[in-house]
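> Handing you a structure now.
Protein chains: 2
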Amino acid sequence: MRILTLALLGCGLCWGQAADECKPSSLNIPGAPYPCVYPDRRVAFRVAAPDAQKVQVRLGGTHDMTRGPDGLWTVAIPPQVVGFHYYSIVVDGAVVADPATRTFFGSGWDNSGIEIPEPDTDAAYYSAKDVPHGQVGQRWYYSKVTGKWRRCYVYTPPDYDANPRTRYPVLYLLHGWGENEQGWHTQGHVDFIMDNLIAEKKARPMLVVMDNLNAVKPDEDASLYAARGIIARRSMADVAPAPGGRGAAPAGGRGGFPTNWGGVFTETMLTDLIPMIERTYRAAPGRENRAMAGLSMGGMQSFLTVLSNLDKFAYLGGFSGSSGGRGGFDPKTANNGVFANAGAFNQKVKVLFLGIGSVEGPGTKNFSEELTKAGIKNVYFESPGTAHEWLTWRRCLNDFAPRLFK
Amino acid sequence: MRILTLALLGCGLCWGQAADECKPSSLNIPGAPYPCVYPDRRVAFRVAAPDAQKVQVRLGGTHDMTRGPDGLWTVAIPPQVVGFHYYSIVVDGAVVADPATRTFFGSGWDNSGIEIPEPDTDAAYYSAKDVPHGQVGQRWYYSKVTGKWRRCYVYTPPDYDANPRTRYPVLYLLHGWGENEQGWHTQGHVDFIMDNLIAEKKARPMLVVMDNLNAVKPDEDASLYAARGIIARRSMADVAPAPGGRGAAPAGGRGGFPTNWGGVFTETMLTDLIPMIERTYRAAPGRENRAMAGLSMGGMQSFLTVLSNLDKFAYLGGFSGSSGGRGGFDPKTANNGVFANAGAFNQKVKVLFLGIGSVEGPGTKNFSEELTKAGIKNVYFESPGTAHEWLTWRRCLNDFAPRLFK
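Set out below in C-alpha cells:
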C-alpha cells in the first residue's frame with residue numbers, strides 16, 4: 196500500500212489506477228465527486244481555475260495542485276487524521292472556499308469542510324439511526340445587555356412534545372473561537388448524539404442550548420467582536436481596516452483578548468439567555484438542573500462563567516479548553532479561590548469534566564492531575580488519535596452528557 | 196446624484212469621497228466592511244487576490260475589478276434592485292464565493308449573498324420585532340421512498356408549546372431550483388414573516404414545513420438528482436463527470452428534467468413526510484388543514500402535487516412558478532382535466548394563489564386571466580419592482596399566508 200501511495204502522489208491523481216476507490220466526502224454539495232477520500236485516507240481535490248497561475252489546497256499544510264490541459268487543477272494529499280476539518284483553496288493568492296463543498300463557519304468565515312470518515316461502527320453514535328428523534332430549533336431573542344437580537348439553537352429531546360408537564364434539565368453548550376451558534380448542530384451532530392444516548396437510556400432527556408459566545412455591549416467598539424471571536428485574517432480583505440473607519444483593525448487579535456473578555460457573554464447569558472430559555476421552554480429550574488460546557492475558547496468561557504456562578508450551575512465541562520493546563524496552577528488563588536476548599540467545591544460541582552484529543556498535548560492531563568492533587572474531583576477524558584477538531588468534541592459530548600443530572 | 200454616480204464609477208471606489216456612506220451588507224461575516232451598499236444602491240466589493248491577473252464580480256452581469264497596489268481588488272457596480280441576490284467572484288477563471296459573506300445554497304452550491312436593503316418600513320414585515328416568536332426546528336426523518344434520511348425544517352408558532360391540546364393547520368412550503376430546505380428560513384425569513392402576521396392577527400397560527408424537493412429512488416441513477424435540482428455547472432469541477440463513473444453528467448440539465456420529474460417528491464411527501472409531520476407535531480388532519488406552495492420550481496412542484504391530490508390539499512400557491520403561463524392553456528385538458536369543471540374546482544380549492552415579481556414578465560398574469568376566463572377563482576399578486584428573487588417570494592408569502600385556513 197505504501198508503494199501504491201507513493202506512486203499516486205508522484206503523478207498527481209493518476210486517473211484510472213484507483214479513482215473508483217475515492218469516495219466523495221459526505222460534506223460535498225450534491226453531485227460533487229471531489230473532494231474524495233481514499234481508503235488509506237489520502238484526499239483528492241479538483242478545482243476549475245482555467246486562467247490561474249498557481250492553485251493550492253490548505254489542509255494540514257499547503258499543497259500545490261497540478262494543472263491539467265482542461266483547466267482543472269488536481270492533487271492528492273497524504274493521509275489525513277479522521278474527523279472534521281476546515282480547509283480552503285488558494286487561487287493566485289486569494290484564499291477562498293472550495294465551491295465543491297457545503298461551507299462551515301469557522302475561523303470567522305464560511306470555510307469548506309471535509310469529513311475523513313471513521314469506520315461506520317465508530318461513527319454510529321453521531322449518525323442518524325432508527326430511534327426517536329428530537330429536534331434542533333432556531334430561536335431568536337432580544338438581549339438587553341447587547342441591545343441586539345441574538346440567535347441560539349435549542350435541542351429538545353424526542354419525548355418533549357409528548358410530555359407537556361415534564362420539565363427538563365438544560366446543558367448550555369458553546370462553540371469555539373471563530374465559530375458560532377451553528378457549530379454544534381452542523382459540525383458537531385449534537386442531535387444525533389443526544390438522540391442515540393437517550394434511546395439507549397445512557398443520558399437523561401435534556402435540553403441543549405447553543406448560543407454564540409461573542410457578545411458586545413452597545414457602547415463598546417465593535418472591533419472588540421473581532422478581537423473576541425474573529426481573527427484578523429491578514430491575507431484577506433474582509434476584516435482589514437477600511438478607509439473611512441469602518442471595520443477598524445481589532446485591538447487585540449488572536450491571543451490579545453480585551454481584559455473584560457468573557458464578561459459580557461456571561462452577563463448576556465445570566466440576564467437574557469437563561470431567563471428566555473426558562474420562560475420559553477419547560478426547563479427545570481435551579482443549579483442542579485443546569486450544566487455548561489464548551490469546546491476550546493467555549494471551554495474557557497464555561498470555566499469563567501460557572502466558576503464565578505456556582506449558585507447557578509452544578510456541572511462544568513471543558514472540551515479542549517478550560518482555565519488551566521498552562522502550569523502555575525495554585526488551588527488557593529486560582530479563579531478567585533474557588534478551588535481553595537476542596538470539600539465545599541466537590542459538594543457543589545457534581546461533575547467537573549476535562550476532555551482533550553490525545554494529540555493535543557499534555558496540558559489538560561496535567562491540569563486534571565493538579566486538580567486531583569488539590570483534592571478536586573474531576574473526570575479526565577482523552578479521545579484517542581484525534582486533534583483539536585470536532586471529532587474530539589463529539590466524543591467529549593458523548594462521554595460528558597451521560598454524567599449529567601443524575 | 197447622477198453626476199456623483201458617474202464620477203464614482205469612473206474611478207473605481209474613489210476612497211474618501213463617499214466611503215462612509217457605504218453600509219456593509221447585513222449578510223457579511225462579522226466584521227467584514229465589504230461588500231457594502233451605497234444609498235443609491237451601488238455596491239462596492241473588495242477581494243484580496245495578490246497574485247491574480249483578473250478578478251471579477253458576477254452580480255447582474257460580470258464586472259471587472261481593479262487591482263490596488265496592496266493586492267486588494269475593488270469595484271463599485273451600478274445600482275442593484277432591492278432584495279436578496281446570490282453572487283460570486285471569479286479569480287483567474289475560478290468561480291468561487293466571496294469569502295466576505297455568509298454563504299447561501301442556491302444554483303446547487305454555497306454562493307455568496309447580498310441583501311440590497313429596502314427602506315426599513317418596507318422591510319418591517321420580515322424583520323425581528325418585539326412580538327412573540329415561534330421557532331424553526333431542524334427535523335430528520337427516514338424516507339421509505341428514497342431509502343435515505345432526509346432533513347426538513349418546521350416552523351412552530353409562538354403559542355405552540357403553551358397550548359398542548361391545540362392542533363394546527365400546516366403549510367408545506369418549497370424552495371426553488373438549485374436551492375434546498377434551508378432557503379425559506381435563511382433567505383426567506385419565514386419565521387419573522389409568520390411571527391409578525393400572527394402577532395397582528397392577520398394569519399392563523401400554523402405549522403410551516405420546509406422540505407427538499409429533490410428526491411431520488413434508491414434504484415434511480417443518482418445523476419437524476421443533479422438533473423432535477425442542481426445545474427451542471429460547466430465552469431466548475433464539482434459536478435463534472437469523474438473518470439471512473441462517479442458523478443456522471445446529468446442526463447437532462449436545466450430545462451431537461453426527466454419525464455417523471457416531480458413524481459418521486461410527491462410520493463415521498465405523501466408516503467413519508469406528511470405522516471411523519473402528523474405523527475410528530477400536533478397537526479390538524481384533513482385536506483382543509485393542508486396548504487402547499489413553493490417558489491419557482493417549487494411552485495411547479497406544488498401545482499403538480501396538489502392538482503393531482505385534491506383529496507389531500509385545499510390551498511395552493513405558486514410564487515413565480517406554477518403550471519401555466521406559457522400559453523396554450525386549455526382548461527378542458529390541462530393537468531388531467533382538473534380545471535374542466537370550474538364549479539367543482541372552486542368548491543375544492545379554497546385559495547389558488549399566483550404571485551410574481553413585476554419585472555418577471557406577463558406569463559403569470561396571463562395564466563391568471565386564462566383561469567379567470569375559464570371560471571376558476573384565483574388570486575393574482577404582483578410584487579412591485581422586484582425580480583425572480585427572495586424579496587418577491589417573501590412578499591408572496593406575506594400576502595398568501597393570511598388567506599389560509601379561514
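First to last, the protein sequences are chains A and B.
Heads up: the first sequence begins at 196 in the working numbering, then just goes up one per residue.
Heads up: the second sequence begins at 196 in the working numbering, then just goes up one per residue.
Backbone N, C-alpha and C fix where the C-beta goes; we use that ideal spot for every residue, glycine too.
Model, not experiment: these values are computed from the prediction.
Check whether the Cβ atoms of threonine 341 of chain B and lysine 412 of chain B lie closer than 8 Å to each other.
Position 146 of the second sequence, counted from the first residue, corresponds to residue 341 of chain B. Position 217 of the second sequence, counted from the first residue, corresponds to residue 412 of chain B. For threonine 341 of chain B and lysine 412 of chain B, yes; Cβs fall inside 8 Å.
> Listing by chain order, which chain B residues have their CB less than 9 Å from the CB of glutamine 620 of chain A?
Nothing about residue 620 of chain A can be reported from this structure: the residues present for chain A run from 196 to 601 only.
> Between the segment 229-252 of chain B and chain A, which residues of the former have a C-beta closer than 8 Å to a C-beta of the latter?
Tyr229, Cys231, Arg241, Val242, Ala243, Ala244, Pro245, Asp246, Ala247, Gln248, Lys249, Val250
> 8 Å is my cut-off, CB to CB: does histidine 380 of chain A come that close to chain B?
The residue you call residue 380 of chain A lines up with position 185 of the first sequence. True, the Cβ-Cβ gap to chain B drops below 8 Å.
> Check whether chain B comes within 8 Å of alanine 289 of chain A, counting only Cβ atoms and requiring the distance to be less than that.
Position 94 of the first sequence, counted from the start, is the residue given in the question as residue 289 of chain A. At least one chain B Cβ lies under 8 Å of alanine 289 of chain A.
> Which residue or residues does DSSP assign as beta-bridge partners of asparagine 306 of chain B?
Position 111 of the second sequence holds residue 306 of chain B. Note: asparagine 306 of chain B sits in a beta bridge opposite B:Phe299.
> Along the beta strand (DSSP E) that carries valine 326 of chain B, what are the first and last residues, could you check?
For the purposes of this step, residue 326 of chain B is identified with residue 131 of the second sequence, where counting begins at 1. First-last for valine 326 of chain B: undefined, no H or E at that position.
> Let me know the secondary structure DSSP gives glycine 493 of chain B once reduced to three states.
Sequence index remark: in the second sequence, residue 493 of chain B carries index 298 (1-based). It is helical.
> Indicate the three-state DSSP secondary structure (helix, strand or coil) for histidine 583 of chain A in the structure shown.
Looking up residue 583 of chain A in the first sequence gives position 388. In the structure shown, histidine 583 of chain A sits in coil (DSSP, three-state: anything other than H, G, I, E or B).
> Between tryptophan 344 of chain A and chain B, is any beta-carbon pair separated by less than 8 Å?
Residue numbering aside, residue 344 of chain A sits at position 149 when the first sequence is read from its first letter. Closer than 8 Å to some Cβ of chain B, the Cβ of tryptophan 344 of chain A qualifies, so yes.
> Under a three-way DSSP split, which group does glycine 550 of chain A fall into?
In the first sequence, counting from the first residue as 1, residue 550 of chain A sits at position 355. Glycine 550 of chain A carries a strand assignment under DSSP once its states are collapsed to helix, strand and coil.
> Could you check how far apart the C-beta atoms of isoleucine 284 of chain B and serine 220 of chain B are, in whole angstroms? I think they sit under 8 Å.
By 1-based counting over the second sequence, the position of residue 284 of chain B is 89. By 1-based counting over the second sequence, the position of residue 220 of chain B is 25. Actually they do not touch by this definition, with Cβ atoms about 14 Å apart.
> Could you check which residue in A:Asp356, A:Thr559, A:Leu254, A:Gln275 has the C-alpha nearest to that of methionine 495 of chain A?
Along the first sequence, read from residue 1 onward, the residue named residue 495 of chain A stands at position 300. Ranking A:Asp356, A:Thr559, A:Leu254, A:Gln275 by Cα distance to methionine 495 of chain A puts A:Thr559 first.
> Starting from the beta carbon of valine 331 of chain A, find every residue of chain B whose beta carbon is closer than 9 Å, and list them in chain order.
Walking along the first sequence from the start, residue 331 of chain A turns up at place 136. Per Cβ cutoff of 9 Å: Gly332, Gln333, Arg334.
> Can you find a CB in chain A that lies within less than 8 Å of the CB of glycine 439 of chain B?
Sequence index remark: in the second sequence, residue 439 of chain B carries index 244 (1-based). In this prediction, glycine 439 of chain B has a pLDDT of 28, which is less than 50 and means its spatial position is unreliable; nothing more can be read from the coordinates.
> Can you pull the chain B residues whose beta carbon is under 8 Å from the beta carbon of valine 286 of chain A, in chain order?
Residue 286 of chain A sits at position 91 when you count from the first residue of the first sequence. Residues of chain B passing the Cβ test: Ala244, Ala247, Val286, Asp287, Ala289, Val291.
> Using 10 angstroms around the beta-carbon of asparagine 531 of chain B, count the other beta-carbons present and answer buried if the total reaches 16, otherwise exposed.
For the purposes of this step, residue 531 of chain B is taken as residue 336 along the second sequence, with counting starting at 1. Asparagine 531 of chain B counts as exposed, since fewer than 16 other beta carbons sit within 10 angstroms of its beta carbon.
> Let's see if you can read the secondary structure: which residues bound the alpha helix (DSSP H) around lysine 343 of chain B?
In the second sequence, residue 343 of chain B corresponds to position 148, counting from 1. No alpha helix (DSSP H) contains lysine 343 of chain B, which is instead part of the beta strand (DSSP E) from 343-351.
> My understanding is that valine 277 of chain A touches isoleucine 311 of chain A, with C-beta atoms under 8 Å, so please give their C-beta distance in whole angstroms.
One-based indexing of the first sequence puts residue 277 of chain A at position 82. One-based indexing of the first sequence puts residue 311 of chain A at position 116. Contact flag correct, Cβ pair sits at about 5 Å.
> Quick check on this structure: which residue in A:Glu564, A:Tyr363, A:Gly493 has the alpha carbon closest to the alpha carbon of valine 525 of chain A?
Along the first sequence, one-based indexing puts residue 525 of chain A at 330. Looking at the sequence shown, residue 525 of chain A is not valine but aspartate. The shortest Cα separation from aspartate 525 of chain A among A:Glu564, A:Tyr363, A:Gly493 belongs to A:Glu564.
> Do the segment 503-513 of chain B and the segment 384-401 of chain B make contact, defined as three or more Cβ pairs closer than 8 Å?
no
> Who are alanine 405 of chain B's beta bridge partners in DSSP?
Indexing the second sequence from 1 puts residue 405 of chain B at position 210. Correcting the residue type first, residue 405 of chain B is methionine in the shown sequence and not alanine. Partner(s): B:Tyr348.
> So, does the CB of alanine 479 of chain A fall closer than 8 Å to a CB anywhere in chain B?
Numbered from 1 along the first sequence, position 284 holds the residue referred to as residue 479 of chain A. Chain B contact via Cβ: absent.
> Helix, strand or coil: which one does DSSP assign to proline 364 of chain B?
Indexing the second sequence from 1 puts residue 364 of chain B at position 169. It is coil, neither helix nor strand.
> Could you give the DSSP three-state label for aspartate 259 of chain B: helix, strand or coil?
For the purposes of this step, residue 259 of chain B is taken as the residue at position 64 of the second sequence. Note: aspartate 259 of chain B maps to strand in three-state DSSP.
> Which residues in the same chain as glycine 301 of chain A place their Cβ atom closer than 7 Å to its Cβ, once the five residues preceding and following it in sequence are excluded?
Working through the first sequence from its first residue, we reach residue 301 of chain A at position 106. Cβ within range, chain order: Tyr281, Gly373, Glu374.
> Looking at the C-beta of leucine 318 of chain A, does it have a partner C-beta in chain B at a distance below 8 Å?
One-based indexing of the first sequence puts residue 318 of chain A at position 123. Looking at the sequence provided, one finds alanine at residue 318 of chain A rather than leucine. No, no contact with chain B.
> So the candidates are A:Asn573, A:Ala569, A:Gly580, A:Lys543; which of them puts its Cα closest to the Cα of glutamate 555 of chain A?
For the purposes of this step, residue 555 of chain A is identified with residue 360 of the first sequence, where counting begins at 1. The candidate whose alpha carbon is nearest that of glutamate 555 of chain A is A:Gly580.
> Could you pull the start and end residues of the beta strand (DSSP E) that arginine 334 of chain B belongs to?
To locate residue 334 of chain B, count along the second sequence from 1; it is residue 139. Its beta strand (DSSP E) spans residues 330-338.
> Under 8 Å Cβ to Cβ from arginine 474 of chain A, same chain only, skipping five residues before and after it: list those, please.
For the purposes of this step, residue 474 of chain A is taken as the residue at position 279 of the first sequence. Answer for arginine 474 of chain A: no residue qualifies.
> Using 8 Å as the limit for Cβ to Cβ distance, is arginine 598 of chain B near chain A?
Your numbering for residue 598 of chain B matches position 403 in the second sequence. Chain A, which has no Cβ nearer than 8 Å to the Cβ of arginine 598 of chain B, makes this no.
> Counting only Cβ pairs nearer than 8 Å, list the residues of chain B close to arginine 297 of chain A.
Residue mapping note: residue 297 of chain A aligns to position 102 of the first sequence, counting from 1. Going along chain B in sequence order, the residues near arginine 297 of chain A (Cβ under 8 Å) are Phe300, Asp305.
> Helix, strand or coil: which one does DSSP assign to isoleucine 284 of chain B?
Stepping through the second sequence from its first residue, residue 284 of chain B is reached at position 89. If DSSP states are grouped into helix, strand and coil, isoleucine 284 of chain B belongs with the strands.
> If the criterion is Cβ atoms closer than 8 Å, does the pair threonine 351 of chain A and glycine 371 of chain A meet it?
Here residue 351 of chain A corresponds to residue number 156 of the first sequence, with the count starting at 1. Here residue 371 of chain A corresponds to residue number 176 of the first sequence, with the count starting at 1. No.
> Is it the case that the Cβ atoms of glycine 255 of chain B and glutamine 275 of chain B are separated by a distance below 8 Å?
Indexing the second sequence from 1 puts residue 255 of chain B at position 60. Indexing the second sequence from 1 puts residue 275 of chain B at position 80. A contact, by the Cβ cut-off of 8 Å.
> Should tyrosine 337 of chain B be flagged as near chain A, meaning a C-beta pair shorter than 8 Å?
In the second sequence, residue 337 of chain B corresponds to position 142, counting from 1. For tyrosine 337 of chain B, the answer is yes, since a Cβ of chain A falls inside 8 Å of its Cβ.
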